[in-house]
Every structure is written in structure tokens, then in C-alpha cells.
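J.: Protein chains in written order, with UniProt numbering: chain A, 1 to 646; chain B, 1 to 294; chain C, 1 to 99.
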Amino acid sequence: MENIIGLLVALPLLGAAVLLCGGRRLDRTGHWLGTILAASSFVVGAVLFADMLGRSGDDRTLHQFLFSWIPVGGFRADVAFQLDQLSMTFVLLITGVGTLIHIYSIGYMEHDERRRRFFGYLNLFLAAMVLLVIADNYLLLYVGWEGVGLASYLLIGFWQHKPSAATAAKKAFIVNRVGDMGLSIAIMLMFTTFGTFAFGPVLKSAGDASEGTLTAIGLMLLLAACGKSAQVPLQSWLGDAMEGPTPVSALIHAATMVTAGVYLITRSGAIFNGAPDAQLAVVTVGAVTLLFGAIVGCAKDDIKKALAGSTMSQIGYMILAAGLGPIGYVFAIMHLVTHGFFKAGLFLGAGSVMHGMNDEVDMRKFGGLRKYMPITYVTFGLGYLAIIGFPGLSGFWSKDKIIEAAFAKGGTEGWILGAAALLGAAITAYYMTRVMLLTFFGEKRWQPTPSPDEPSAEPAADSAGGGEMPHPHESPKSMTVPMIVLAFGSVFAGGLFSLNDSFLHWLEPVTGHSHGHSPLSALTVTLATMAVLVVGVAIAWAQYGRKPVPVTAPRGSLLTRAARRDLLQDDFNHVALVTPGQYLTRGLVYLDHSVVDGVVNGTAAAFGGLSGRMRKLQNGYARSYAVSMFGGAAILIAATLLMRAV
Amino acid sequence: MSTLAAAASATSTAETVQFWLLGTVAVLGALGTVLSKKAVHSALCLAGTMIVLAVFYLANGAYFLGIVQVVVYTGAIMMLFLFVVMLVGVTAADSLKETLKGQRLLTAVCGLGFGVLLIAGIGHASLRSFTGLGDANAGGNVQSLAALIFTKYVFAFEITGALLITAAVGAMVLTHRERIERAATQREQAAARVRSGKQVPPLPAPGVYARHNAVDIPGLLPDGTPSELTVNPTLRSRGQIRDVSGEALSDLAALEQRSAERLERGTGEGRGGRNGGTNDNGNGNGARTEEAAQ
Amino acid sequence: MNPVNYLYLAALLFSIGAAGVLIRRNAIVVFMCVELMLNACNLAFVTFSRMHGNLDGQIIAFFTMVVAAAEVVVGLAIIVMIFRSRHSASVDDASLMKL
Numbered sequence: 001m002e003n004i005i006g007l008l009v010a011l012p013l014l015g016a017a018v019l020l021c022g023g024r025r026l027d028r029t030g031h032w033l034g035t036i037l038a039a040s041s042f043v044v045g046a047v048l049f050a051d052m053l054g055r056s057g058d059d060r061t062l063h064q065f066l067f068s069w070i071p072v073g074g075f076r077a078d079v080a081f082q083l084d085q086l087s088m089t090f091v092l093l094i095t096g097v098g099t100l101i102h103i104y105s106i107g108y109m110e111h112d113e114r115r116r117r118f119f120g121y122l123n124l125f126l127a128a129m130v131l132l133v134i135a136d137n138y139l140l141l142y143v144g145w146e147g148v149g150l151a152s153y154l155l156i157g158f159w160q161h162k163p164s165a166a167t168a169a170k171k172a173f174i175v176n177r178v179g180d181m182g183l184s185i186a187i188m189l190m191f192t193t194f195g196t197f198a199f200g201p202v203l204k205s206a207g208d209a210s211e212g213t214l215t216a217i218g219l220m221l222l223l224a225a226c227g228k229s230a231q232v233p234l235q236s237w238l239g240d241a242m243e244g245p246t247p248v249s250a251l252i253h254a255a256t257m258v259t260a261g262v263y264l265i266t267r268s269g270a271i272f273n274g275a276p277d278a279q280l281a282v283v284t285v286g287a288v289t290l291l292f293g294a295i296v297g298c299a300k301d302d303i304k305k306a307l308a309g310s311t312m313s314q315i316g317y318m319i320l321a322a323g324l325g326p327i328g329y330v331f332a333i334m335h336l337v338t339h340g341f342f343k344a345g346l347f348l349g350a351g352s353v354m355h356g357m358n359d360e361v362d363m364r365k366f367g368g369l370r371k372y373m374p375i376t377y378v379t380f381g382l383g384y385l386a387i388i389g390f391p392g393l394s395g396f397w398s399k400d401k402i403i404e405a406a407f408a409k410g411g412t413e414g415w416i417l418g419a420a421a422l423l424g425a426a427i428t429a430y431y432m433t434r435v436m437l438l439t440f441f442g443e444k445r446w447q448p449t450p451s452p453d454e455p456s457a458e459p460a461a462d463s464a465g466g467g468e469m470p471h472p473h474e475s476p477k478s479m480t481v482p483m484i485v486l487a488f489g490s491v492f493a494g495g496l497f498s499l500n501d502s503f504l505h506w507l508e509p510v511t512g513h514s515h516g517h518s519p520l521s522a523l524t525v526t527l528a529t530m531a532v533l534v535v536g537v538a539i540a541w542a543q544y545g546r547k548p549v550p551v552t553a554p555r556g557s558l559l560t561r562a563a564r565r566d567l568l569q570d571d572f573n574h575v576a577l578v579t580p581g582q583y584l585t586r587g588l589v590y591l592d593h594s595v596v597d598g599v600v601n602g603t604a605a606a607f608g609g610l611s612g613r614m615r616k617l618q619n620g621y622a623r624s625y626a627v628s629m630f631g632g633a634a635i636l637i638a639a640t641l642l643m644r645a646v
Numbered sequence: 001m002s003t004l005a006a007a008a009s010a011t012s013t014a015e016t017v018q019f020w021l022l023g024t025v026a027v028l029g030a031l032g033t034v035l036s037k038k039a040v041h042s043a044l045c046l047a048g049t050m051i052v053l054a055v056f057y058l059a060n061g062a063y064f065l066g067i068v069q070v071v072v073y074t075g076a077i078m079m080l081f082l083f084v085v086m087l088v089g090v091t092a093a094d095s096l097k098e099t100l101k102g103q104r105l106l107t108a109v110c111g112l113g114f115g116v117l118l119i120a121g122i123g124h125a126s127l128r129s130f131t132g133l134g135d136a137n138a139g140g141n142v143q144s145l146a147a148l149i150f151t152k153y154v155f156a157f158e159i160t161g162a163l164l165i166t167a168a169v170g171a172m173v174l175t176h177r178e179r180i181e182r183a184a185t186q187r188e189q190a191a192a193r194v195r196s197g198k199q200v201p202p203l204p205a206p207g208v209y210a211r212h213n214a215v216d217i218p219g220l221l222p223d224g225t226p227s228e229l230t231v232n233p234t235l236r237s238r239g240q241i242r243d244v245s246g247e248a249l250s251d252l253a254a255l256e257q258r259s260a261e262r263l264e265r266g267t268g269e270g271r272g273g274r275n276g277g278t279n280d281n282g283n284g285n286g287a288r289t290e291e292a293a294q
Numbered sequence: 001m002n003p004v005n006y007l008y009l010a011a012l013l014f015s016i017g018a019a020g021v022l023i024r025r026n027a028i029v030v031f032m033c034v035e036l037m038l039n040a041c042n043l044a045f046v047t048f049s050r051m052h053g054n055l056d057g058q059i060i061a062f063f064t065m066v067v068a069a070a071e072v073v074v075g076l077a078i079i080v081m082i083f084r085s086r087h088s089a090s091v092d093d094a095s096l097m098k099l
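1) Taking Cβ-Cβ distances shorter than 9 Å, what residues in chain B pair up with G631 of chain A?
2) Apart from the five residues on each side of it in sequence, which residues of its chain come closer than 6 Å, Cβ to Cβ, to M1 of chain A?
3) Return the chain-ordered list of same chain residues with a C-beta closer than 8 Å to the C-beta of H513 of chain A, the five sequence neighbours on each side being excluded.
4) DSSP beta-bridge partners for R76 of chain A?
5) Who does D240 of chain A pair with in a DSSP beta bridge?
6) So is N137 of chain B buried or exposed if we call it buried at 16+ other beta carbons inside 10 Å?
7) Should T428 of chain A and I388 of chain A be called a contact, given that it needs their Cβ atoms to be closer than 8 Å?
8) Is the region 64-74 of chain C close to the region 22-39 of chain C, with three or more CB pairs under 8 Å?
9) Reducing DSSP to helix, strand and coil, say where G23 of chain A ends up.
10) Going by CA-CA distance only, name the one from A:T89, A:L124 and A:V175 that's closest to H102 of chain A.
11) Taking a Cβ distance cut-off of 8 Å, strictly less, list which residues of the region 590-615 of chain A are near chain B, in chain order.
12) Mind checking which residues open and close the alpha helix (DSSP H) that includes V43 of chain A?
13) Pull up the distance between the alpha-carbon of W69 of chain A and that of D180 of chain A, whole angstroms please.
14) Name the DSSP beta bridge partners of S227 of chain B, please?
15) Who pairs with H52 of chain C in a beta bridge, going by DSSP?
16) Quick one: what's got a C-beta closer than 7 Å to L14 of chain A's C-beta in the same chain, skipping five residues either side?
17) Can you give me the Cβ contacts of D280 of chain B inside the same chain, cut-off strictly under 7 Å, excluding the 5 residues immediately before and after it?
18) Residue range of the alpha helix (DSSP H) that D625 of chain A falls in?
19) Considering only the alpha carbon of each residue, which of C:R86, C:I78, C:A70 and C:F83 lies closest to S165 of chain B?
20) Does Q103 of chain B come out as helix, strand or coil in the three-state DSSP assignment?
21) Can you confirm whether Y625 of chain A, when its beta carbon is compared against all beta carbons of chain B, has any partner nearer than 8 Å?
22) In chain order, what residues of the same chain have a beta carbon less than 8 Å from the beta carbon of L610 of chain A, not counting five sequence neighbours either side?
23) Please determine if the region 193-207 of chain A and the region 282-298 of chain A are in contact, where contact requires at least 3 C-beta pairs separated by less than 8 Å.
24) If you check the beta carbons only, do A27 of chain C and I59 of chain C fall under 8 Å apart?
25) Interface residues of chain A around G170 of chain B at Cβ under 7 Å?
26) What residues from chain A crowd round A18 of chain C, counting only those whose CB sits closer than 8 Å?
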């Protein structure tokens with residue numbers, strides 16, 4: 001059975017190669033090819049899953065060795081795959097959600113003349129992401145890690161004719177580079193410490209290494225995770241990444257790629273278990289980010305950016321859970337999966353709304369859409385209920401467990417983390433209710449599309465004429481069906497996972513699990529979560545439900561204004577990094593010009609001047625040359641006589 | 001001179017006297033070669049030095065070389081030099097003024113240094129005794145040389161023969177000029193001369209209106225000034241024009257003086273009359289005067 | 001007198017000839033000075049021949065004369081050529097290969 005693991009990567013990779021090299025003749029059929037290959041990859045994953053279920057818990061890990069990639073002396077890198085329960089979970093999520101989004105994109109990208117290329121990139125992304133999760137060593141994981149970074153870059157900048165999209169793509173790529181540096185350093189540290197970077201040996205002998213080394217590796221891995229998962233302080237790229245087409249935002253920047261950091265930390269659990277300081281850093285990053293993202297999400301009027309803030313916040317939850325150690329790994333992954341369902345559903349819903357509203361993204365210009373887009377309304381609403389943790393839906397099961405685990409950390413830390421998680425839950429309820437109310441309830445606030453000023457490239461718009469009133473309408477089947485499927489996942493996945501703790505038992509052989517000593521009972525935590533949920537919803541209702549919403553945003557408090565600017569992240573980066581960098585560069589350029597070039601040019605000038613003077617000796621007069629010759633002969637004789645004398 | 005000691009430390013007194021006398025002549029000749037302004041004098045000085053060297057060869061037992069030196073060098077090569085000097089070096093005396101900056105100084109330093117070094121080297125070698133050529137020349141100098149040339153040095157000899165032939169052919173090739181156009185006929189030359197309008201009639205003969213008719217004395221114009229045009233260009237470029245017109249001019253001036261005294265006129269008027277006379281003298285001579293001035 | 005004096009004389013003549021080569025501008029005179037230098041060498045060879053008691057020195061001098069004759073022929077031909085084209089026998093005029 002293990003021989004077909006490679007197909008998981010090979011199929012989408014084949015799709016990408018064919019679509020990107022195939023040229024125009026595939027324009028009419030390319031999207032079907034891409035979708036079929038993604039679906040085949042999902043089928044292969046499902047077959048492997050069924051096979052895995054047929055075996056006992058400790059016996060489920062499969063390995064496939066393809067070839068030795070870089071065999072150099074003691075350095076050995078293999079192209080080999082490892083498929084265990086953790087990888088399996090990811091494979092099913094990636095290929096499953098990926099296939100749904102392929103289907104959605106068929107409708108969404110229908111009028112884009114570069115649709116074939118889009119599907120090629122999507123397939124490339126799938127291949128890289130699957131490679132990332134089924135690699136059996138860190139170096140191959142790194143390949144997948146860079147591959148998804150590349151695919152993300154290409155897809156964010158897919159509408160490269162828009163300067164904002166091109167800039168956003170560059171920003172994402174550059175910020176990710178910082179994280180990638182962390183990963184490469186971590187891999188080097190691993191190699192010097194353990195002599196290898198295959199998961200098996202590294203994680204097995206992690207306990208033997210000193211705590212300092214483990215902390216260093218852990219912090220570097222955390223840096224990598226921060227870059228890829230948009231955690232503070234490398235969070236700034238995610239909001240801008242929403243410049244990409246909406247399916248991309250749903251697949252890459254909500255459901256799958258941004259969770260790679262969580263995968264990395266969970267996979268390297270053995271290293272973090274031995275480094276409490278690194279774990280503390282992880283939970284700090286998680287807690288800060290979950291609040292950061294939530295606050296940003298509250299202030300944004302752009303529906304996609306609000307959802308992006310939400311994504312950041314939810315991944316903060318996951319990172320927080322992963323940082324808690326064995327108490328939290330399982331719940332981190334569980335939240336990751338349920339989040340994959342409902343956040344993908346929410347983004348697809350947002351895309352559907354934009355599709356119907358002439359690509360308008362400002363929520364203040366929506367309102368009352370529930371009558372016009374019933375399916376979108378229902379699926380978006382289910383996703384909304386799931387994310388705020390409405391009892392019984394997916395988010396409830398997974399988020400509640402994380403809050404519980406945060407308290408179970410124990411001590412002051414536990415209280416602080418738990419409180420932060422609870423606060424985050426309240427803010428989540430607030431901003432998601434706000435999104436819901438602004439979009440689907442209240443009176444209509446539609447306005448003519450200002451398309452002449454801002455020609456949008458969202459090709460789904462049926463009537464992109466300038467100054468036209470939008471005609472909200474339900475999206476085609478290819479778009480609604482994936483939303484319905486994801487809504488089912490949003491509703492039932494959490495309950496299914498929690499039934500008899502099945503998800504816990506499924507993952508336990510890989511990640512390990514321990515019950516912490518929670519100072520609060522599970523019931524208390526659940527009740528508290530419910531309470532903050534109600535408070536959050538109530539405040540949002542009071543602000544946006546009862547009274548009419550102004551079309552232009554009010555000035556807002558200082559915090560609101562800061563949050564609209566992403567809590568000044570870009571200003572901070574500019575002041576703290578860009579400006580000193582520019583000064584450094586200018587200084588170096590000056591140094592280069594004056595010192596390095598000075599030495600070089602000075603040498604050249606010295607030789608030039610010397611030559612200019614020596615050149616006077618070449619005056620063309622034979623008699624002058626004869627003098628030199630005669631003098632030389634005299635010197636030779638003198639030398640000969642001297643040698644004789646000595 | 002014919003019999004020399006096998007190993008001796010001194011030569012005969014006669015040779016000593018000869019050396020010092022002729023050595024002085026040789027050095028003077030060499031200096032004359034270098035310092036003479038005229039190439040002909042240089043060549044003659046060099047010929048003198050070479051003859052002295054021929055005598056020294058003979059004194060050193062190199063009878064064959066001594067004769068060859070006289071015949072080949074002094075006789076053939078130096079005459080070749082003189083031919084070339086006559087052919088091309090007929091210009092006026094060379095200026096000995098140095099034009100290259102520092103060349104004199106460098107030459108002095110190098111030459112003196114070189115000479116001092118050579119002499120110091122020879123002195124340092126401390127050659128007290130010498131073998132002499134008595135044994136080597138026992139069968140006759142020429143026979144002994146021939147034996148060496150046709151045995152030990154036969155290849156070098158053959159190669160020098162080839163070299164000489166090459167040099168002869170080379171000299172021929174270098175100096176040979178292929179005529180690439182038809183030579184102008186006399187008629188064409190005359191037509192060209194008229195067209196250029198410079199000198200239509202034949203050049204005036206030397207000695208016209210002059211006291212002498214030698215080729216190196218320019219003819220006098222009616223006002224008494226000499227015309228260099230009447231002298232052969234070769235002599236002109238050598239600067240070998242003998243100018244005797246000064247006497248004629250002074251005679252003319254005295255004549256005018258006398259007539260002025262007799263007619264009681266001023267000298268200035270007399271001169272004016274002379275100028276008028278020149279003007280009356282016709283266009284041909286006037287033009288010739290201007291040309292001579294050029 | 002020791003024949004070594006001939007050597008001193010040869011050194012003197014050689015130096016004078018060399019100085020002449022460097023000072024004079026007339027190509028023919030320069031050439032004469034070169035001949036002077038060659039003759040000084042010949043004198044040294046002949047003297048060495050006498051001092052060592054074998055004739056090899058004279059043979060060398062003989063060959064020198066032959067080569068000098070060839071050189072004079074070619075050299076003078078060149079001078080004639082240069083004079084024909086430039087109307088000057090000054091070695092300083094042939095200085096076109098300067099910067």
C-alpha cells in the first residue's frame with residue numbers, strides 16, 4: 001500500500017506541469033484536468049486512509065523510499081515519504097478542501113483568460129503542500145515549504161496587472177523569507193546536533209540533546225512557523241495577501257498553507273517538549289496573535305480582510321494549543337481541521353457575495369443580502385455559528401478544548417493564557433457577528449460600482465459596467481455545491497471528532513497526549529465560553545443590529561483607527577526595519593564607493609599615472625632606445641663582474 | 001714581427017712604440033668619426049682608424065686579417081660608405097646640437113660607465129703573460145686559418161656565404177624601383193612647365209654678368225645681386241656656393257659715388273635712380289630676382 | 001709592453017663608437033660608428049688569439065667582417081630607401097612609432 005503514497009504528490013505535480021507547459025491548447029479543458037487530478041489525489045488519500053483504518057494504532061505509519069537525493073559523505077538526504085495519522089489528517093484536509101476549491105474556481109474564474117494558469121498554480125500548490133506534510137525528513141519538508149511559498153506568491157500576484165497585487169505578492173514572499181531563514185537554520189542545527197534530519201532519528205534522540213540546543217532549534221522552528229502562519233511578529237503579509245483571487249484566500253491563506261506552521265510545531269513536538277523556554281515563546285506568540293488578529297478583524301470594513309484577521313486569530317489559537325505541549329497538540333490539529341472547513345466556507349461565501357455584488361468588498365455597502373442569496377446566507381451563517389463556537393457545531397468542540405487546555409497549563413501562565421483565550425473568544429463572537437450583520441441583515445446600502453476609477457479584475461462579475469447598481473444574485477452550482485459541502489463539515493466535523501474522543505485516539509500514537517490539571521472543571525470553562533460568546537454577540541448586535549449602519553465608516557476611537565491600519569504593523573516595520581535598512585544600505589553604498597572603489601580606482605589611477613609617465617620613455621627615437629640598451633648592457637657587465645668579484 | 005716568443009710577458013720595444021704612436025692616431029680617428037660635422041670627414045677619419053687597426057692586426061700575427069681589413073673594410077666598405085654619403089648625405093653639415101632632452105648626459109654616463117667597467121674588467125683579469133702565435137702560425141697564417149675554416153668552421157663558413165648572397169639580393173630588392181608609369185616625353189615636360197608657369201625658359205647659366213664663370217659662382221642680376229638659381233641644385237643644397245658678388249656690388253657703389261660727386265647729387269637720389277633702372281630692366285629679370293629671394 | 005694594452009684600446013674605441021651611435025643623428029654616421037664598434041671587437045678577438053696562442057679568435061674576427069659586410073650592404077640600402085622617401089637621413093625623423 002505504501003507504494004502509492006508518492007501519487008499524492010505526483011498527480012497534482014503532473015497537473016501543474018501539463019497545465020503550465022501545455023500552452024493555449026489546454027485553455028478550454030485545463031481546469032477540468034486540474035480538478036480531476038486534485039480529486040484523484042484526494043481519492044488516493046482516501047484509499048490510504050481506509051487502509052490505515054484497517055490497521056491497529058501503533059502500526060499505522062507507512063514509509064516510502066523513492067531515491068537518495070543528496071548522498072555526500074556523512075550527509076544524506078533522501079526523497080522518502082512518511083504517512084502517519086498526522087500526515088493523513090493533513091492530506092485529507094488539503095486534497096479534500098483543495099478539490100472543493102478547484103470546483104468552486106471553475107465557476108469563479110470562468111471569465112478569466114488566464115484560468116488555465118490559475119489551475120496550474122493551484123495544482124502546484126497542492127503538490128507542494130502534500131509534499132510538505134508527507135515528507136519524512138526536514139529537508140524534503142523544506143522543499144515543500146518553499147514550494148507552497150512559491151505557489152502562494154504566484155497566486156497572490158495572480159492579477160499582476162494590479163500594482164497592489166504585485167506589491168502584496170512581493171511582501172508575502174519577503175516576509176516569508178525571514179521565516180524560511182529560521183527553518184534552514186533549524187535544519188542546520190539539527191544536522192550538527194543529531195547528524196541527520198530525518199523525522200524518526202531526530203525526534204527519537206531529541207531527549208539526548210542539551211536543553212539549550214533544543215531551545216535554539218525550537219525558537220528557529222517557531223520563527224519559521226511565524227512566517228508561514230502569519231503570527232506576530234511576521235504577520236503583516238496576510239492581510240495584503242487578500243489581493244489574490246478569493247479561492248486562493250480560502251485555500252491557501254485560510255485553510256491549508258497558513259496552518260503549515262502548526263504542523264511544523266506539532267511534528268517537532270519532541271523537540272519542544274524538551275525546551276520549555278521555546279514552548280513559552282510559542283504560547284506567547286499564539287496568545288498575542290490571537291488577540292492581535294481578533295482586534296484587527298473588528299475594525300476592518302473589507303470583508304476579506306476581516307476574515308483574514310480572523311484567520312490570524314484562529315491560527316493563534318492553534319499555535320497556542322501546540323505550544324502547550326502534549327496537552328494541546330491534538331486540539332491544535334483538531335481546531336486546524338474544523339477551522340479549515342468553516343473558514344474555507346466563510347471565504348467561499350465571501351467570494352460568492354462579491355460575485356453577486358460586482359466585486360464590492362466593503363461590508364458597509366452590503367446589507368440585507370439574505371433574501372437575494374439564500375444558499376450563501378445559510379452556508380455562511382453555519383460557518384459563522386461554527387467559528388464563534390455555537391454549541392454543537394465544529395468550532396465549539398475544538399475551541400472549547402483549547403481554552404480548557406490553556407487553563408490546564410497550570411499556574412499563573414495557565415490563568416493568563418486561559419483568560420486571553422476567553423477574551424479572544426468574546427472578540428471573535430463580536431467581529432463575526434458584525435460581519436454577519438453588516439453583510440446579510442439590515443437595510444440595503446448598495447451603491448453603484450466605482451469601476452472607472454478602480455477597474456477590478458474579478459472576472460466573475462457579470463456586469464462590470466461603470467456606475468451600475470449591483471444586482472445581487474445567487475452564484476452558480478459549481479460555487480454553491482462546495483460551500484454546502486464545507487458547511488456540512490463546519491456543522492458536523494467537530495461533533496464527529498469528539499464522539500468518544502475519536503480524534504484524540506486517532507492522533508495520540510503520533511503526538512502523544514496528557515490531561516493537564518485544570519483548575520477549572522470542563523463544565524465551568526464551557527459555561528464561561530458561552531457567557532463571553534453571548535456578551536460578544538450582544539455588543540455587536542447593539543452596535544450594528546439595532547441601529548442603521550453608516551455607509552462611510554465613522555472616525556472611530558484611537559484603537560479602532562490603529563486597528564484599521566493593522567495595529568500599525570506596517571508602520572512599525574517601516575520604522576524598525578525598513579528605514580534602518582535603507583540607512584545601512586546607503587552607508588554601505590557610500591563605503592563601497594569611497595573605500596572599496598576608492599582602493600580599486602586609486603590603484604588603477606596610480607598605475608595609469610605611472611604608465612603615463614613611463615610612456616614618455618617610448619618617444620619613438622631610436623637613439624633613446626639605444627641608450628636604454630647600452631645602459632642595460634653596462635649593468636649586465638657590472639653584474640657579471642660583481643658576481644666574479646664575489 | 002714574424003717570429004714571436006712562445007710564451008712571453010712583453011712585446012718588442014718597436015711594437016710598443018708603434019702601439020703608442022698608432023694607438024693615438026686610432027683614438028683620434030675614432031673621435032673624429034664621432035665629432036665631425038660632415039659625413040665625408042667622418043668616413044675619412046674612420047678609414048684612417050681602420051688602417052691603423054689593420055696594422056695592429058699584422059702586429060698581432062693576424063696577417064691574413066690585416067690584409068683583409070685593408071682590402072675589404074678600408075677598400076670596399078668605406079668606399080661604399082663614401083658612395084652613399086655622396087648619394088644621399090650631400091646636404092649641408094650636420095648640426096651637432098642635441099635635440100633629445102637628457103640624451104647627452106645619459107650617453108656620457110653610459111659611455112663612461114661602460115668604458116670604465118670594461119677597462120676595470122680587463123685590469124682585474126691580471127693577464128701577465130701571453131702565449132703568442134708562433135706555434136699556431138708555424139705552417140703559415142693563411143694555411144692555418146684555411147685549415148680551421150674548412151674543417152671546424154665549415155658550416156659557419158657556408159652559412160655566412162648564404163648570408164652574403166641574401167644580403168646582396170636584399171640590397172637589390174630594397175633599392176630597386178619598378179617604374180609603374182610611362183616616362184614623360186620631352187614635349188609633355190615642356191607642356192607641364194608652361195602650365196605651371198614657374199620657369200618657362202631654361203635656367204640661366206652661372207657666371208652671367210659675373211667676373212668668373214665657375215659652376216659654383218652664381219650669376220649676377222643687373223642690380224648686382226647674385227641669383228642662386230644659376231647654380232646647380234646639388235651645390236646649392238651642399239651650401240657650396242662661392243659668392244663673389246660683393247666685389248661687384250662694392251664696385252657699383254663706388255661708381256655711383258663717383259658719378260654722384262661729379263653731378264653733385266645726393267646719394268638717396270642716386271639710389272632711387274638705380275631702383276628705377278632695375279624696374280626698366282624688364283619683367284623677366286624682375287621675376288627672377290623674386291624667385292632667387294625665395 | 002703587454003698585449004693587454006690592445007684590449008684597453010679596443011675598449012676605448014668601442015666606447016667611443018657607442019657614444020657616437022647615441023649622439024649622432026645622421027644615419028650614415030651612426031652606421032660608421034657601429035662599424036667602429038665592430039672593429040674594436042675584432043681587435044680584441046685578434047689580441048685574444050695572440051694571447052692564447054690559437055687561431056679561433058682570428059676566425060671569429062673573420063666571420064665578424066663577413067657579417068659586417070653583409071650588414072653594411074643591407075643597412076645602406078635601407079638608408080637609401082629612407083632617404084628617397086623622406087629626403088632626410090636623420091634617425092630622429094623616423095620616429096613615427098611613438099605615442
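The beta carbon of each residue, even a glycine, is placed where N, CA and C say it ideally should be.
None of these values were measured; they are calculated from a predicted model.
T.: Based on what the coordinates show:
1) Neighbours of G631 of chain A on chain B, chain order: L106, V109, C110, G113 and F114.
2) D51
3) In its chain, beyond the 5 residues on either side, P326, I327, Y329, V330, L504 and L507 have a beta carbon closer than 8 Å to the beta carbon of H513 of chain A.
4) A:P71
5) Answer by DSSP bridge pairing: none, since D240 of chain A is not bridged.
6) buried
7) yes
8) yes
9) coil
10) A:L124
11) none
12) G30 to L53
13) 21 Å
14) For S227 of chain B, which the question treats as bridged, DSSP gives the partners B:G219.
15) Answer by DSSP bridge pairing: none, since H52 of chain C is not bridged.
16) So the qualifying residues of the chain are L37.
17) At D280 of chain B, the pLDDT of 40 sits below 50, so the modelled position is not reliable; the number obtained from the coordinates is stated separately. Result list for D280 of chain B: empty, nothing under 7 Å.
18) For clarity, residue 625 of chain A is Tyr in the given sequence; the question names Asp instead. A622 to A645 is the extent of the alpha helix (DSSP H) around Y625 of chain A.
19) With the sequence shown as reference, residue 165 of chain B is identified as Ile, and Ser is not the correct amino acid for it. Ranking C:R86, C:I78, C:A70 and C:F83 by Cα distance to I165 of chain B puts C:A70 first.
20) Reduced to three states, the DSSP call for Q103 of chain B is helix.
21) no
22) none
23) no
24) no
25) Within 7 Å Cβ-Cβ: nothing; G170 of chain B doesn't reach chain A, min ~20 Å.
26) Neighbours of A18 of chain C in chain A, taken as residues at a C-beta separation under 8 Å, are given in chain order as F630.
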